[in-house]
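S.K.: My questions will all concern the structure given below.
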Amino acid sequence: MSLNVIDGRQLAERLVEEMAEEVKTRTALGYQRPGLAVVLVGEDPASAIYVRNKIRTAEKAGLHSVVTHLDASCSQQALDDIVTDLNERDDIDGILVQLPLPAHLSEERIINLITPEKDVDGFHPMNVGQLATGQAYLVPCTPLGCLEILKREVGDLSGKHAVVVGRSNIVGKPMASMLLQANCTVTVVHSKTVDAVSLCKQADILVAAVGVPELLDSAWVKPGAVVLDVGINAIEKDGKRKLVGDVNFADVADICKAITPVPGGIGPMTIACLIKNTLVAAKQRGVKQPVVKAR
1 MSLNVIDGRQ LAERLVEEMA EEVKTRTALG YQRPGLAVVL VGEDPASAIY VRNKIRTAEK
61 AGLHSVVTHL DASCSQQALD DIVTDLNERD DIDGILVQLP LPAHLSEERI INLITPEKDV
121 DGFHPMNVGQ LATGQAYLVP CTPLGCLEIL KREVGDLSGK HAVVVGRSNI VGKPMASMLL
181 QANCTVTVVH SKTVDAVSLC KQADILVAAV GVPELLDSAW VKPGAVVLDV GINAIEKDGK
241 RKLVGDVNFA DVADICKAIT PVPGGIGPMT IACLIKNTLV AAKQRGVKQP VVKAR
């Protein structure tokens with residue numbers, strides 16, 4: 001069986017190009033450029049890299065962006081005030097507070113404080129509830145990226161048996177809801193599932209989002225399945241630090257039809273879908289450019 005290694009970077013670039021054209025068309029019609037605000041707290045190197053990548057992608061898509069960088073020792077009130085101000089700004093369509101936050105700050109409080117219409121991470125309880133009832137327009141970016149890949153690589157998902165390994169609020173649960181809405185038959189496998197391997201072996205589409213390095217090997221995968229590896233795990237191998245997914249790529253590659261690599265698979269699509277959510281939020285808000293009157 002010939003293996004299709006799904007190039008998430010290439011798919012993300014294509015999606016960003018499509019969005020850039022849409023932004024250009026909308027601004028020509030008088031709508032303001034979509035605006036993304038990112039709040040970074042502290043000096044965590046990984047968070048700083050994520051923020052840079054998000055801003056770079058936003059600019060490629062034609063968005064304008066605002067970055068607020070707060071000291072790691074900032075108070076809850078200071079962070080609350082920043083988010084409240086961004087909620088009220090007409091030029092900002094999407095707000096993202098980069099997680100994790102320092103231990104003294106409440107992530108739950110900040111997620112709840114962001115107005116749902118600007119919650120481009122899709123974490124606000126209102127957006128979570130709307131997703132569960134099939135009414136959401138802002139959903140978590142990683143499962144949205146997975147769905148974009150499936151639509152572009154598989155096509156119609158109706159009737160496919162999808163197994164999601166993991167039940168986190170960020171990936172597993174929303175992924176299951178979105179696959180259901182795409183007319184898949186969905187099974188969720190988690191740490192308490194009996195005979196998880198045999199359930200996964202039935203999957204036409206297997207989404208691994210469990211956070212255990214290379215847990216899923218060929219015993220878990222049905223021949224011809226499409227495998228989406230959401231995991232990003234740093235391990236030591238041959239004395240070197242290496243990023244691997246939740247799937248043992250080398251062991252599974254010979255039997256699956258298609259698979260996303262780590263890195264370069266789901267990650268780039270997650271960032272592209274953050275920008276997609278910002279564009280969706282801008283379209284929902286429908287703010288026009290201010291009219292400048294001639295003097």
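1 is the number of the first residue of the sequence shown in the UniProt record's numbering; add one for each residue after it. Note that beta-carbon positions come from the ideal geometry of N, C-alpha and C, so glycine has one too.
(1) When we look at the beta-carbon of V194 and count the other beta-carbons within 10 Å, is it buried (16 or more) or exposed?
(2) From this set, A225, K192, N112, A234, which residue's C-alpha is nearest N4's C-alpha?
(3) Could you check the C-alpha separation between A182 and L157 for me, to the nearest Å?
(4) Between K151, I255, V97, which lies nearest to K54 when the distance is taken from Cα to Cα?
(5) Compute the distance between the beta-carbons of residue 345 and G172, then report whether it is under 8 Å.
(6) Taking Cβ positions, are A208 and G245 nearer each other than 8 Å?
(7) On a CA-only basis, which of I266, S198, P140 is nearest V227? Give me that one, please.
(8) Consult DSSP for V292 and reduce its assignment to one of helix, strand or coil.
(9) Spell out the partners DSSP gives I235 in its beta bridges.
(10) What is the rounded straight-line gap between the Cα of A136 and the Cα of Q284?
(11) N53 by DSSP, collapsed to three states: which one?
(12) Is L63 near G35, with beta carbons less than 8 Å apart?
(13) In its own chain, which residues sit with a C-beta less than 7 Å from the C-beta of K288, not counting the 5 before and 5 after it?
(14) Could you tell me which of R56, L70, A281 sits nearest to E43, measuring between CA atoms?
(15) With 16 as the cutoff for other CB atoms within 10 Å, does residue 296 come out buried or exposed?
(16) Is DSSP giving G35 helix, strand or coil here?
(17) Got a sec, what are the start and stop residues for the alpha helix (DSSP H) S65 sits in?
(18) Residue ranges of each alpha helix (DSSP H) run of no fewer than 4 residues wholly in the segment 111 to 160, ordered along the chain?
(19) Candidates S65, V39, G94, N87: which alpha carbon is nearest C74's?
(20) Would P174 and P143 qualify as a contact pair, given that the criterion is a beta-carbon distance under 8 Å?
(21) Would the beta-carbon of P261 be found less than 7 Å away from any heavy atom of the ligand COA?
(22) Using the three-state DSSP reduction, which class does G267 fall into: helix, strand or coil?
(23) On a Cα-Cα basis, can you pick out the residue from A12, L79, Q202, C141 that is closest to K160?
(24) Give me the residue from A48, T25, L138, F249 with the minimum Cα distance to L215.
(25) With respect to the alpha helix (DSSP H) encompassing residue 330, which residues constitute its N-terminal and C-terminal limits?
M.R.: According to the data block:
(1) Counting Cβ neighbours within 10 Å, V194 comes out exposed, since fewer than 16 surround it.
(2) When A225, K192, N112, A234 are compared, the shortest CA-CA separation from N4 is found for A225.
(3) About 6 Å.
(4) Here the closest residue by C-alpha is V97.
(5) A question about residue 345 goes unanswered here, because the residues of the chain that appear run from 1 up to 295.
(6) A contact, by the Cβ cut-off of 8 Å.
(7) The candidate whose alpha carbon is nearest that of V227 is I266.
(8) Note that V292 scores 48 on pLDDT, short of 50, meaning its location in the model is unreliable and no value can be drawn from it.
(9) K242, per the DSSP bridge assignment.
(10) Looking at the two C-alpha atoms, the distance is approximately 12 Å.
(11) Correct three-state label for N53: helix.
(12) Yes. Within cutoff.
(13) The answer, listed in chain order, is G30, Y31, Q32.
(14) If we check each option's Cα against that of E43, L70 comes out closest.
(15) Outside the displayed span of the chain (1 to 295) sits residue 296, for which this structure offers no information.
(16) The three-state secondary structure of G35, taken from DSSP, is strand.
(17) Per DSSP, S65 belongs to no alpha helix (DSSP H); it is in the beta strand (DSSP E), 64 to 70.
(18) Whole alpha helix (DSSP H) segments, 4+ residues: 125 to 132, 141 to 153.
(19) Per the C-alpha coordinates, the member of S65, V39, G94, N87 positioned closest to C74 is V39.
(20) Taking a C-beta distance under 8 Å as the contact criterion, P174 and P143 qualify as a contact pair.
(21) Absence of the ligand COA from the depicted structure is noted, as is the absence of any ligand whatsoever, leaving it without description.
(22) Three-state DSSP puts G267 in a helix.
(23) Cα-wise, what sits closest to K160 is Q202.
(24) Out of A48, T25, L138, F249, F249 has the C-alpha closest to the C-alpha of L215.
(25) A query on residue 330 cannot be resolved here, the shown segment of the chain reaching from 1 to 295 and no further.
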